[in-house]
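This report refers to the structure that appears directly beneath it.
Number of protein chains: 2
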Amino acid sequence: MYNLLLDKIIEKVNLTCAEQEIIQQYFVPKRLKKRQYLLQEGNVCDRLTFVSNGSLVSYSTDDKGCEHVISFAFDGCWAGDWASLYGKQPSSLTIEALQPCELLQIRAEHQELLFTLVPAYERFMRINHQNTCAAFQRRLESSLGLCADERYTRLIEESPVLAARIPLNLIASYLGVTPETLSRVRKQKYIPA
Amino acid sequence: MYNLLLDKIIEKVNLTCAEQEIIQQYFVPKRLKKRQYLLQEGNVCDRLTFVSNGSLVSYSTDDKGCEHVISFAFDGCWAGDWASLYGKQPSSLTIEALQPCELLQIRAEHQELLFTLVPAYERFMRINHQNTCAAFQRRLESSLGLCADERYTRLIEESPVLAARIPLNLIASYLGVTPETLSRVRKQKYIPA
DNA sequence: CGCGGGTTTGATGATGCTCAAGCCCGGTGG
DNA sequence: CCACCGGGCTTGAGCATCATCAAACCCGCG
Chain A
4 MYNLLLDKII
14 EKVNLTCAEQ
24 EIIQQYFVPK
34 RLKKRQYLLQ
44 EGNVCDRLTF
54 VSNGSLVSYS
64 TDDKGCEHVI
74 SFAFDGCWAG
84 DWASLYGKQP
94 SSLTIEALQP
104 CELLQIRAEH
114 QELLFTLVPA
124 YERFMRINHQ
134 NTCAAFQRRL
144 ESSLGLCADE
154 RYTRLIEESP
164 VLAARIPLNL
174 IASYLGVTPE
184 TLSRVRKQKY
194 IPA
Chain B
4 MYNLLLDKII
14 EKVNLTCAEQ
24 EIIQQYFVPK
34 RLKKRQYLLQ
44 EGNVCDRLTF
54 VSNGSLVSYS
64 TDDKGCEHVI
74 SFAFDGCWAG
84 DWASLYGKQP
94 SSLTIEALQP
104 CELLQIRAEH
114 QELLFTLVPA
124 YERFMRINHQ
134 NTCAAFQRRL
144 ESSLGLCADE
154 RYTRLIEESP
164 VLAARIPLNL
174 IASYLGVTPE
184 TLSRVRKQKY
194 IPA
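Protein sequences, first through last, are from chains A and B.
Counting in the working numbering, the first sequence runs from 4 upward without gaps.
Counting in the working numbering, the second sequence runs from 4 upward without gaps.
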């Protein structure tokens, strides 16, 4: 259960056995069934989640009740509402299990402790957040600069895994279009004749 | 020149005088005139920039030559192409001075050194990147969930400073609409009669 | 077998873009 | 000092993209 977590960290920084022990102590396991919520809009997100196994989706809900997918998280990914977690504000996101999940969670205040106890963990998180920023930036670039079919094309180029594992209506939401539009884009793309 | 930089860091973490000295040594000053480029699309972004004074805009350019503003940076802000800086890939962004700027820059490899020499600096950057993630997330939420006039309304609520200092055509680009559309939105909003 | 979620298809309509022109205003040079 | 220029902003008309609404379809599952 903890193997993937430690592997992912060791991929970026060195950890002694003792440090690995400490890290494990602060991450508590949690299971979610399909369709269960990890976080609901309005609650404060007070812990960071690592996905050992399964998949999660984060989405915001607008005035009209429409849901907009902000991100997905698969095995080895991290999930949470960054704005809530680091701003101590109520979450605007809902996070839900797309499949049965095995998760590892650390509470925000425990993570602060861990940063001090294991500096390498803090370094890991710094790197992790750098990559998250980079990913968000790229996402914004496509969202602002490309039209529907280009966004879809780029998505399947860059994240074939995602395209394969996620139902089309959620991919549509992630791309910022309706399922109908995505359907037409795909038709266009694969039956160009 | 270095005061604002150190202030911003000390706002989040403690620094001894010796550490402040070390940090200063790695940040080298640079001046930019209005309209000058800090980074051009295609080059690798190999340094992180702190704005002591002035303002910068980062934008990506699409196939048709249209520019899409990704972010602004004012006094006390950080700028760079995260995807390029942390992914070692050619930048898809151009960064340009909107006003004469006084900047402080640190090279990526020097920053790695600094992380080790001054752990508090690494902590600061971790926090800084957390906040950047949170900001990107909020931006994506409005971009996906709100229509043009709602995005503009939220912008002037949340960043009146930005709305005051930036010409409308750049705000339009930041919001993902054309200047014409923004103009009509503003008319609508302030002359509702 | 029938239900229901996800996907597709079609017709219609709104939002926001494009193109084109005019306006406002500050800066420059005669 | 004024006339001219140019960039930023506004306004208008027509149009493309994509959303909406509605219905049919497909297929796994109870």
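Glycine included, every Cβ here is placed at the ideal spot set by N, Cα and C.
All figures in this text were calculated on a predicted structure; none of them were measured in a lab.
*In terms of alpha-carbon separation, which member of B/ASN172, B/ARG141 and B/SER176 lies closest to B/GLU161?*
Minimum Cα distance to B/GLU161 is reached at B/ARG141.
_With DSSP as the reference, identify every bridge partner of B/LYS33, one or two as the case may be._
BP columns for B/LYS33 point to B/LEU106.
*How is A/ASN56 classed by DSSP in three states: helix, strand or coil?*
Reduced to three states, the DSSP call for A/ASN56 is strand.
*Evaluate A/ALA2 with the Cβ neighbour count: other Cβ atoms within 10 Å of its Cβ, from every protein chain shown; 16 or more gives buried, anything less gives exposed.*
In the structure as shown, chain A starts at 4 and stops at 196, and residue 2 of chain A therefore has no counterpart that could be examined.
_7 Å Cβ cut-off: residues of chain B touching A/GLY90_ = Under the 7 Å cutoff, chain B gives ALA137.
_Using a Cβ-Cβ distance cut-off of 9 Å, determine whether B/GLU160 contacts chain A._
It does not; no Cβ of chain A falls within 9 Å.
*For the alpha helix (DSSP H) containing A/GLU161, list its first residue and its last residue.*
151-161 is the extent of the alpha helix (DSSP H) around A/GLU161.
*Pair every Cβ in the stretch 104-112 of chain B with every Cβ in the stretch 25-35 of chain B, then say whether three or more of these pairs are closer than 8 Å.*
Flag = yes, the stretch 104-112 of chain B and the stretch 25-35 of chain B touch.
*Residue range of the beta strand (DSSP E) that A/TYR177 falls in?*
The continuous stretches of beta strand (DSSP E) do not include A/TYR177, which lies in the alpha helix (DSSP H) extending over residues 171-178.
_Cutoff 8 Å; reference A/MET4; Cβ partners in own chain excluding five residues on either side_ = Excluding sequence neighbours, A/MET4 sits near PRO32, SER55, GLU105 and LEU107.
*asked:* What residue range does the beta strand (DSSP E) around A/LEU7 cover?
replied: According to the DSSP assignment, A/LEU7 belongs to no beta strand (DSSP E) but to the alpha helix (DSSP H) extending over 6-13.
*At a cut of 8 Å, does the stretch 142-150 of chain B reach the stretch 130-146 of chain A through at least three beta carbon pairs?*
With the cut-off at 8 Å, the stretch 142-150 of chain B and the stretch 130-146 of chain A touch.
*B/ALA82 burial status per 10 Å Cβ neighbour count (16 or more: buried)*: The Cβ neighbour count for B/ALA82, taken over all protein chains shown within 10 Å, is at least 16; the residue is labelled buried.
*Contact under 9 Å by Cβ, B/TRP85 with A/ALA76*: Contact flag unset, no.
*Taking the alpha carbon of B/ASP66 as the point to measure from, which residue in A/MET128, A/CYS150 and A/GLU44 has its own alpha carbon closest?*
Answer by Cα proximity: A/CYS150.
*Does B/PRO122 get closer than 9 Å to chain A when you measure Cβ to Cβ?*
When Cβ-Cβ separations below 9 Å define contact, B/PRO122 makes contact with chain A.
*Less than 8 Å between the CB atoms is what I'm expecting for A/LEU42 and A/THR97, so what's the real figure, rounded?*
The pair is a contact, with the Cβ atoms about 6 Å apart (cut-off 8 Å).
*Using the beta-carbon of each residue, which ones in chain A are nearer than 8 Å to B/PHE118?*
Below the 8 Å Cβ cutoff, chain A contributes ARG126 and ARG129 as neighbours of B/PHE118, in chain order.
*Pull up the distance between the alpha-carbon of B/ARG157 and that of B/ILE130, whole angstroms please.*
Taking the straight line from one Cα to the other gives about 25 Å.
*Does DSSP put A/GLU99 in a helix, a strand or coil?*
If DSSP states are grouped into helix, strand and coil, A/GLU99 belongs with the strands.
*My guess is that A/GLY57 and A/ALA100 are in contact by the Cβ rule of under 8 Å, so how many angstroms apart are they, rounded?*
Their Cβ separation, rounded to whole angstroms, is 6 Å, which keeps A/GLY57 and A/ALA100 in contact under 8 Å.
*Contacts of B/ILE73 in chain A (Cβ-Cβ under 9 Å)*: One finds GLN140, LEU143, GLU144 and LEU147 in chain A with Cβ atoms closer than 9 Å to the Cβ of B/ILE73, taken in chain order.
*Using a C-beta to C-beta distance shorter than 8 Å, which residues of chain B count as neighbours of A/GLY57?*
The premise fails here: A/GLY57 is roughly 22 Å from chain B at the closest Cβ pair, so nothing lies under 8 Å.
*Pick from A/VAL164, A/ALA167, A/ASP152 and A/ARG168: whose alpha carbon is nearest that of A/GLY179?*
Looking only at A/VAL164, A/ALA167, A/ASP152 and A/ARG168, the smallest Cα-Cα distance to A/GLY179 is reached by A/ASP152.
*Note down, in chain order, each residue of its chain lying with its Cβ closer than 6 Å to the Cβ of B/LEU117, except the 5 sequence neighbours on either side.*
The answer, listed in chain order, is TYR29 and TYR124.
_DSSP three-state assignment for B/GLU125, whether helix, strand or coil_ = In this structure, B/GLU125 counts as helix in the three-state DSSP scheme.
_Pairwise C-alpha distance: A/ALA111 and A/VAL16_ = Going from the Cα of A/VAL16 to the Cα of A/ALA111 covers about 21 Å.
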